[in-house]
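A quick write-up on the structure given underneath.
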Amino acid sequence: MKRLILTFSVFLSVSLISTSFVVAQETISITDKSSGKSIDVFIQKVEGGVVSVETTAGASFDLPASRLTLDSIERIKAYLASVPSTSATPAAAPVEGGASLNELVGHGLFGSNGAIWQENAAEVAKRLDLKVESEKQNSSSYRLYTKPEYQFLGAHPYCVTLYGGKGAKPESFSLVFANKGDFGSRLGSGEDHFKIMHPDKEPPGDLNEAIEFDAEIIAESLTKGLGEAREQYYGEKEDKRKVKRWDIGDHAFLLSSREDEYTSLLIVPTSNADAEGKVDFVVDSDFKKIQIKNVRTEENGDVWIDNIPMVNQGPKGYCAPATFERAMRYMLVPADMYLLATAATAPGGGTNTTKLSEDCKRIVRSKARRIRELELHEDFDIKTVKDFIDTGVPVLWQMRSLGKYNDVANERTKEREGVEDFTAWASDIAAEAAEVAPQLKADANYHICMVIGYNEATNEVAVSDSWGPRYELRWVHLDIAKAVTSRGGFVIDF
Numbered sequence: 041m042k043r044l045i046l047t048f049s050v051f052l053s054v055s056l057i058s059t060s061f062v063v064a065q066e067t068i069s070i071t072d073k074s075s076g077k078s079i080d081v082f083i084q085k086v087e088g089g090v091v092s093v094e095t096t097a098g099a100s101f102d103l104p105a106s107r108l109t110l111d112s113i114e115r116i117k118a119y120l121a122s123v124p125s126t127s128a129t130p131a132a133a134p135v136e137g138g139a140s141l142n143e144l145v146g147h148g149l150f151g152s153n154g155a156i157w158q159e160n161a162a163e164v165a166k167r168l169d170l171k172v173e174s175e176k177q178n179s180s181s182y183r184l185y186t187k188p189e190y191q192f193l194g195a196h197p198y199c200v201t202l203y204g205g206k207g208a209k210p211e212s213f214s215l216v217f218a219n220k221g222d223f224g225s226r227l228g229s230g231e232d233h234f235k236i237m238h239p240d241k242e243p244p245g246d247l248n249e250a251i252e253f254d255a256e257i258i259a260e261s262l263t264k265g266l267g268e269a270r271e272q273y274y275g276e277k278e279d280k281r282k283v284k285r286w287d288i289g290d291h292a293f294l295l296s297s298r299e300d301e302y303t304s305l306l307i308v309p310t311s312n313a314d315a316e317g318k319v320d321f322v323v324d325s326d327f328k329k330i331q332i333k334n335v336r337t338e339e340n341g342d343v344w345i346d347n348i349p350m351v352n353q354g355p356k357g358y359c360a361p362a363t364f365e366r367a368m369r370y371m372l373v374p375a376d377m378y379l380l381a382t383a384a385t386a387p388g389g390g391t392n393t394t395k396l397s398e399d400c401k402r403i404v405r406s407k408a409r410r411i412r413e414l415e416l417h418e419d420f421d422i423k424t425v426k427d428f429i430d431t432g433v434p435v436l437w438q439m440r441s442l443g444k445y446n447d448v449a450n451e452r453t454k455e456r457e458g459v460e461d462f463t464a465w466a467s468d469i470a471a472e473a474a475e476v477a478p479q480l481k482a483d484a485n486y487h488i489c490m491v492i493g494y495n496e497a498t499n500e501v502a503v504s505d506s507w508g509p510r511y512e513l514r515w516v517h518l519d520i521a522k523a524v525t526s527r528g529g530f531v532i533d534f
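For the record, in the sequence shown the residue sitting at position 388 is 428 according to our numbering, with numbers rising by one throughout.
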């Protein structure tokens, strides 16, 4: 009898996270990290970071590879290589206990086809009634700003987001419960949802009581369904926090709460949780090639950047966190608008952009990227924009989103679609800008969005706001843009 112990670190590096079905011919020994106990089993399959086994007594069960000792994956590799694999690739088995957990969660989180991560992100979102927010070449997101009666694991999340990646596969779920920006605000309905979901309990009187209230309800629900949690750290730099973790199949539930800030639940693959949320960064030379491919050049002279994720800031005044999330995710740096917002947002909303950028600087630096400040209020011209856009880098622009500005942007963007003579167009919008720009002097409606394109011949810039797909690409004359510029801007590059 061979005695083999699985090594998880190598387990991930040798592509065993893909499906491997074997005809078990002999038992091997596997050892649990926490208890130190060993058991002789037949290996049935290895899939998505989960080892399916059968005991000598005929009992079958799944084990997350993260639970096994760090010792000898090379041996398990050799074993799998030594036995025949089935030629067919069966559909993934349903997650054991998924149906009962769906009942506990209160939603159809787990489908009938196995791990969430093997499904189509749009289909999972549809099952959970999440709305399309962004669908790009290698990324997607689906978001729901919930009503007061909405519950998940017995608590009320204000926002539920599913993030997708390459191949239209889900990558993670983010649920944000009691938090500084929503609690007590008229848009967040304050403590109302506590009264709706738990009328038998005394509602929390302040933010920290609400944070603790939600964290306790969620922990109780997950412990009931999945047993006791274990603790670990998750995230990098400013986003690093201690979490409680529960696993089912290849899914890790990570619960975190920060005093004065939020309670959050993240659902990720166990491999991501084992790596504490750390992801590899793409080297500069490779990423620059990716960026250049996103630059679109049209016959009319338009140059603009495609495949920037959309983030809908929803009812909150979270334009800065939403815009930073868009830019960071475009630069392959993981980010979540709500979690970015909490550290730099006053109770009830309103973000300190300077503090937010400082927090984000430390996060993007861990991925060999940098945030640079721009003096757009002093130096905003086509050349400044062109230097970044031509390399596939969007500009984060601080401005005043005035009513007259938005009227012009909406009307001219729509009218622009039918323009055939762009020389005449350039003359018309220049005359309009000369008339409108002096009217844009109100000291109000401070906002941040993106400049993602330009047209040198017409002297226009392309603007993208964090208000959903309708506002993903609007065109305004440069003089109008300069008239509403407030403090400056930022770029995230190398």
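Ideal placement from N, C-alpha and C gives every residue a C-beta, glycine not left out.
Exposure label - residue i; buried when at least 16 CB within 10 Å
{"i": "D427", "result": "exposed"}
{"i": "T337", "result": "exposed"}
{"i": "A131", "result": "Caution is warranted here: a pLDDT of 44 is assigned to A131, below 50, making its placement in the model unreliable, and no coordinate value can be reported."}
{"i": "S212", "result": "buried"}
{"i": "I288", "result": "buried"}
{"i": "E365", "result": "buried"}
{"i": "S174", "result": "buried"}
{"i": "A128", "result": "With a pLDDT of 39 at A128, under the threshold of 50, the modelled position of that residue is not reliable, and the figure given next carries that caveat. Result: exposed."}
{"i": "I332", "result": "exposed"}
{"i": "F530", "result": "buried"}
{"i": "S140", "result": "exposed"}
{"i": "L518", "result": "buried"}
{"i": "Q177", "result": "exposed"}
{"i": "D505", "result": "buried"}
{"i": "Q479", "result": "exposed"}
{"i": "S297", "result": "buried"}
{"i": "A471", "result": "exposed"}
{"i": "R514", "result": "buried"}
{"i": "A523", "result": "buried"}
Selected residue, minimal CA-CA separation from residue i, among the options
{"i": "R270", "options": "F293, I257, E256, G289", "result": "F293"}
{"i": "D430", "options": "W344, W465, G443, T463", "result": "W344"}
{"i": "M490", "options": "Y190, T424, P434, W515", "result": "P434"}
{"i": "H196", "options": "L215, Y203, S180", "result": "L215"}
{"i": "E460", "options": "G341, R412, G205", "result": "G341"}
{"i": "V335", "options": "Y190, S397, G432", "result": "G432"}
{"i": "M371", "options": "K395, I411, N392, T394", "result": "I411"}
{"i": "E316", "options": "Y273, V323, P355", "result": "Y273"}
{"i": "A250", "options": "K264, N352, L262, F223", "result": "F223"}
{"i": "L414", "options": "R402, W437, A466", "result": "W437"}
{"i": "P423", "options": "I469, H291, G493, L144", "result": "Position check: residue 423 holds Lys in this sequence, whereas Pro was assumed. Ranking I469, H291, G493, L144 by Cα distance to K423 puts G493 first."}
{"i": "S179", "options": "G204, K77, L168", "result": "G204"}
{"i": "A360", "options": "T453, Y486, E268", "result": "Y486"}
{"i": "E143", "options": "L168, L193, V323, S181", "result": "L193"}
{"i": "A162", "options": "L295, V524, K206, G458", "result": "K206"}
{"i": "R402", "options": "L295, M368, S526, K209", "result": "M368"}
{"i": "K77", "options": "N312, S152, S69", "result": "S69"}
Test item: CB-CB of residue i and residue j under 8 angstroms
{"i": "V404", "j": "I257", "result": "no"}
{"i": "I330", "j": "Y445", "result": "no"}
{"i": "E512", "j": "M350", "result": "yes"}
{"i": "F534", "j": "R409", "result": "yes"}
{"i": "K171", "j": "R183", "result": "yes"}
{"i": "K280", "j": "T382", "result": "no"}
{"i": "V164", "j": "T186", "result": "no"}
{"i": "V516", "j": "E500", "result": "yes"}
{"i": "T303", "j": "F420", "result": "no"}
{"i": "S397", "j": "E276", "result": "no"}
{"i": "V319", "j": "P374", "result": "yes"}
{"i": "T394", "j": "I488", "result": "no"}
{"i": "L416", "j": "G528", "result": "yes"}
{"i": "T498", "j": "A473", "result": "no"}
{"i": "V81", "j": "T67", "result": "yes"}
Bridge-paired residues (DSSP) for residue i
{"i": "N219", "result": "Y302"}
{"i": "I469", "result": "Answer is none; I469 lacks a bridge partner."}
{"i": "R281", "result": "Y274"}
{"i": "F213", "result": "L202, I307"}
{"i": "E413", "result": "F530"}
{"i": "S69", "result": "D80"}
{"i": "M350", "result": "Note: M350 sits in no beta bridge, so no partner."}
{"i": "M439", "result": "H487, T525"}
Start-to-end residues for the beta strand (DSSP E) that takes in residue i
{"i": "S174", "result": "171-175"}
{"i": "D461", "result": "That residue, D461, is in no beta strand (DSSP E); it is neither H nor E in DSSP."}
{"i": "I492", "result": "486-495"}
{"i": "R402", "result": "Here R402 belongs to no beta strand (DSSP E); instead the alpha helix (DSSP H) covers 393-405."}
{"i": "L514", "result": "One detail in the question is off: residue 514 reads as Arg in this sequence, not Leu. Counting along the chain, the beta strand (DSSP E) containing R514 begins and ends at 514-517."}
Range covered by the alpha helix (DSSP H) that runs through residue i
{"i": "A502", "result": "It is not in any alpha helix (DSSP H) - A502 instead sits in the beta strand (DSSP E) that spans 500-504."}
{"i": "N312", "result": "310-314"}
{"i": "V164", "result": "161-167"}
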